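Sequences listed follow chains Y and X, in order. First residue of the first sequence: 2, per our numbering; consecutive thereafter. First residue of the second sequence: 1350, per our numbering; consecutive thereafter. One structure below.
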Amino acid sequence: MAEQNAISSAALSDASAPPAADAGRRPASPILRLILKRVGQGILLLFAVSVLIFAGTQILPGDVAQSILGQSATPQALANLREELGLNQPAYVRYFQWLGGVLTGDLGTALSSRQDIASALLPRLGNTLFLAFWAAFVSIPLAIILGLLAVRYRNGWVDKAISGLALASTSLPEFFIGYLLVFFFAVPQAWMAMPWFPAISTVYDGMPFWSRMQAIALPAAALTLVVLAHMMRMTRAAILNVMQSAYIETAELKGLSQFTIIRRHAFPNAIAPIVNVVMLNLAFLVVGVVVIEVIFVYPGMGQYLVDHVSKRDVPVVQAVGLIFAAVYITMNIVADIAAIVANPRLRHPR
Amino acid sequence: MLSVKGIPAGAALGLVMTALFLFAAVFAPVIAPYGMGEIVGGVWEPASENFWLGTDNLGRDLLSRMIYGARTTILIAALATALSFGLGSVLGFLAAVVGGWLDTGLSRFVDLLMAIPTLIFGLVVLSVLPSTVLTLILVMGILDATRVYRLARAVAADINVMDFVEAAKLRGEGSGWIIFREILPNALSPLVSELGLRFIYAVLFLSALSFLGLGVQPPEADWGGMVKENKEGIVFGIPAALIPAAAISVLAISVNLVADWILNRTSSLKGGRGHA
């Protein structure tokens, strides 16, 4: 198949395989065409994902109303809920009604609270992005610097420590990191007069910036730790890959200093893979946020999702699931586009 | 050759710890000092001679629940891994051998499933499914089968073009023979090292679901659920919730060490870049 895989693990390998060019026709701007093609694929994928998320809530042999209300439901309550969910109509009709609503910004009404989902979701989306932004703000520069250090002192103790950390971080559940932070920084300990940070991250509208920052310090730190090691290891691999190419050896042999080699030859070529690494990890961060938000009782999208999964509030779950998937897919598209922009070789398909 | 001396320290440690966890899981009723749901003391008692790890939020012995929890967590994760491996590798091999529309269809569907973060799609599906152990195993196994499918298909596609497979096809063997007698034995070593990683992933996924209250339901003990039960104690400086969380980490790191070692061994057997 000529079409490229749209998901994370394939993105790096996509960079090395330029898509086949249309024979004979010279487009005005190949870069624009590539980007448009990638965005088009992303939009198609998003529609397919919306079908899957909708279908995912219809897979029971019985019906959703029964599973929401449980075995003890009265026939009257069941009939009412069926009516409200529109279960009397065939599934594809309901899908297109739902999709039409989503496209016009109407996400429906929550079953449990009777609230409009879109208006309940918007401030939470803001909170989640705020948290993810600060986690990214700390973790990205840190990961790149540490990744560079690991390459500079390859096979030394810095490098070993970093790969050890990476092994640990793929093995630690998010809640272990989160509660360790709470235990040591939000609970009175012998070595501090009073806890530095709150254990529960309450934020509200009109909260002063600095107290908001203090409230998200621990969840942001936990998120940083969750993605840091992975991002470091991928940065290290990306730079090592560049450092092992023939032109770096040539530069070394003609006597350039280590610093000049990195600045003039290695870094420009490593930008594309590093940007890719960063975007993929941002996608990862958006998902990691779910558990972290529950740990710190942070009023974001992740907590909203988990709350409504246990309440079996299907419309909310569909809406939030779709938004999470859309953010994730968008990050992956941006990663691919960044690779196309940063790597001239991808712009001129042979 | 495989000798006890040849095992590096990290892998040996991983093997010993994994064996300990497995032992605890298998012989839980024999070695646990108290029953799983037995209330034996006060709420959140500190560690003492009677209760080595203290008691939990209801006054149950934490060590006993940890041991029974090992059983639940490891069993469910192992069954989910088995399902994802069975399903993923058979479909992956089939796609590589049969090719054509089957390959295209399966691969595009897997791409689509992988375009949604696993945890998110898991939550979406669990919002309508009943919370039973069987549902958990099915959901975890099927979602994770996508990763195995990718690997199995890639490995099988390489093997499928080799001469001995060609010979078998010319002999007139059917797809079943090709898959199970020609490809499977040769694809085993990369798949086995992946097995460890998928198991860790299953443990972490199950623990995350249980921690969110959507996995194993009380009064059954599993490690993620125990973190949830005891998390209120953290704010008062009671570390009960950290113990099951640490156990998950130790199990995952141990299996990781073993899997790394197997991966290095198998890649060096093939004359690859690994150093035993």
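Think of the CB as a built atom: it goes at the ideal place given N, C-alpha and C, for glycine as much as any other residue. If you're wondering where the values come from, they're calculated on a predicted model, not measured in any experiment.
query = Once you ignore the five residues that flank A271 of chain Y on each side, which residues in its own chain have a CB closer than 7 Å to its CB?
reply = A239, I240 and V243, listed in sequence order.
Nearest candidate by alpha-carbon position, reference A1 of chain Y, set Y:K38, Y:M232 and Y:G303 = In the structure displayed, chain Y extends from 2 to 351; residue 1 of chain Y sits before or after that span and is not available.
message = Under 8 Å: do the segment 245-254 of chain Y and the segment 264-279 of chain Y share three or more Cβ pairs, one atom per stretch?
response = Counting Cβ pairs under 8 Å, three or more are found: they touch.
ask   = Which class does G25 of chain Y belong to by DSSP, given the choice of helix, strand or coil?
value = At G25 of chain Y, the pLDDT of 47 sits below 50, so the modelled position is not reliable; the number obtained from the coordinates is stated separately. Three-state DSSP puts G25 of chain Y in coil, outside helix and strand.
ask   = Is the number of C-beta pairs between the segment 137-146 of chain Y and the segment 222-229 of chain Y that are closer than 8 Å three or more?
value = Between the segment 137-146 of chain Y and the segment 222-229 of chain Y there are three or more inter-stretch CB-CB distances shorter than 8 Å, so the stretches are counted as touching.
task = State the CB to CB distance for the pair L112 of chain Y and P316 of chain Y, rounded to an integer number of angstroms; the pair is presumed to be in contact (CB under 8 Å).
result = Their Cβ separation, rounded to whole angstroms, is 6 Å, which keeps L112 of chain Y and P316 of chain Y in contact under 8 Å.
inquiry  = Any C-beta of chain Y within less than 7 Å: which residues of the segment 1585-1611 of chain X qualify?
reply    = Answer in chain order: G1586, P1588, A1590, L1591, A1594, A1595, I1597, S1598, A1601, I1602 and N1605.
inquiry  = Can you check which of these residues, X:T1484, X:G1449, X:A1517 and X:L1369, is closest to M1415 of chain X by C-alpha distance?
reply    = Cα-wise, what sits closest to M1415 of chain X is X:L1369.
ask   = Hey, I334 of chain Y and R95 of chain Y: beta-carbon distance below 8 Å or not?
value = At least 8 Å separates the beta-carbon of I334 of chain Y from that of R95 of chain Y.
Minimum C-alpha distance to I263 of chain Y - residue among Y:D314, Y:L149, Y:P345 and Y:V328 = Closest option to I263 of chain Y, Cα to Cα, is Y:L149.
task = Give the interface partners of S246 of chain Y over in chain X, defined as CB-CB distance under 8 Å, in chain order.
result = Within chain X, no residue comes near S246 of chain Y; the closest Cβ sits about 17 Å away, beyond 8 Å.
ask   = Assuming A1464 of chain X contacts V50 of chain Y under a Cβ cut-off of 8 Å, what Cβ separation, rounded to an integer in Å, is found between them?
value = Confirmed, about 6 Å.
request  = Pick helix, strand or coil for H1624 of chain X, following the three-state DSSP scheme.
outcome  = Because the pLDDT at H1624 of chain X is just 37, under 50, the model does not fix this residue reliably, and the point stays unresolved.
query = Which chain Y residues sit within Cβ distance under 9 Å of I1549 of chain X?
reply = Near I1549 of chain X (Cβ distances below 9 Å), the residues of chain Y are T171 and S172.
inquiry  = Classify I1 of chain Y: buried if its beta carbon has 16 or more other beta carbons within 10 angstroms, exposed otherwise.
reply    = Shown here, chain Y extends from 2 to 351; a query on residue 1 of chain Y therefore has no answer.
query = Going by beta carbon distance, what residues of the same chain come within less than 7 Å of T1484 of chain X, once the five residues before and after it are set aside?
reply = Cβ within range, chain order: L1478.
task = List the residues of chain A whose Cβ lies closer than 8 Å to the Cβ of T58 of chain Y, in chain order.
result = Protein chains Y and X are contained in the structure displayed, whereas chain A is not.
request  = Compare the C-beta of A1464 of chain X against all C-beta atoms of chain Y and say whether one is closer than 8 Å.
outcome  = Yes, A1464 of chain X lies at the interface with chain Y (some Cβ there is under 8 Å from its Cβ).
Burial state of L173 of chain Y, where buried means 16 or more other Cβ atoms lie within 10 Å = By the 10 Å Cβ count, L173 of chain Y comes out buried.
task = Find out if the Cβ-Cβ distance for the pair R1409 of chain X, G1386 of chain X is shorter than 8 Å.
result = Yes, these two residues count as a Cβ contact at 8 Å.
key: N- and C-terminal bounds of the alpha helix (DSSP H) containing S73 of chain Y   = No alpha helix (DSSP H) holds S73 of chain Y; DSSP gives it neither H nor E.
request  = Output yes if chain Y places a C-beta closer than 8 Å to the C-beta of V1576 of chain X; else output no.
outcome  = At least one chain Y Cβ lies under 8 Å of V1576 of chain X.
inquiry  = Less than 8 Å between CB atoms is the rule here; does P300 of chain Y satisfy it with respect to chain X?
reply    = For P300 of chain Y, the nearest beta carbon of chain X is not closer than 8 Å to its own beta carbon.
task = Could you tell me if R313 of chain Y is buried or exposed, where buried requires 16 or more neighbouring beta carbons within 10 angstroms of its beta carbon?
result = With a 10 Å radius around the Cβ and a threshold of 16 neighbouring Cβ atoms, R313 of chain Y comes out buried.
task = Select from X:V1514, X:L1468, X:A1517 and X:A1503 the residue whose C-alpha is nearest the C-alpha of D1493 of chain X.
result = Closest option to D1493 of chain X, Cα to Cα, is X:L1468.
Beta carbon of V1447 of chain X nearer than 8 Å to that of S1524 of chain X = Their beta carbons are under 8 Å apart, which means V1447 of chain X touches S1524 of chain X by this criterion.
inquiry  = Could you tell me the alpha carbon to alpha carbon distance between Y329 of chain Y and L254 of chain Y, rounded to whole angstroms?
reply    = Y329 of chain Y and L254 of chain Y: Cα-Cα distance of roughly 43 Å.
key: Inter-stretch contact at 8 Å, needing at least 3 Cβ pairs: the segment 1429-1446 of chain X / the segment 1504-1512 of chain X   = Contact holds: three or more Cβ-Cβ distances are below 8 Å.
key: C-beta contact flag for G1564 of chain X and L1555 of chain X at 8 Å   = Cβ atoms of G1564 of chain X and L1555 of chain X: closer than 8 Å.
query = Ordered along the chain, which non-local residues of its own chain (more than five positions away) have a Cβ less than 6 Å from that of L1412 of chain X?
reply = Closer than 6 Å at Cβ, skipping near neighbours: W1401 and L1402.
Under 7 Å by beta carbon: chain Y residues contacting L1553 of chain X = Proximity of chain Y to L1553 of chain X at the Cβ level (cut-off 7 Å) is accounted for by P174, in chain order.
key: Listed by chain order, chain Y residues near L1563 of chain X by CB distance under 9 Å   = Neighbours of L1563 of chain X on chain Y, chain order: V307, V310 and S311.
key: Proximity winner among Y:L108, Y:D117 and Y:P199, relative to G322 of chain Y (alpha-carbon distances)   = Considering only alpha carbons, the answer is Y:L108.
ask   = Is the CB of F1370 of chain X under 8 Å away from at least one CB in chain Y?
value = For F1370 of chain X, the answer is no, since every Cβ of chain Y falls outside 8 Å of its Cβ.
Own chain, CB closer than 8 Å to I1486 of chain X, minus 5 neighbours either side, in chain order = In chain order, I1425, L1428, A1429 and L1432 place their CB closer than 8 Å to the CB of I1486 of chain X, counting only its own chain and leaving out the 5 sequence neighbours on each side.
task = Could you tell me which chain X residues have their CB closer than 9 Å to the CB of P189 of chain Y, listed as they occur along the chain?
result = Correct list: G1586.
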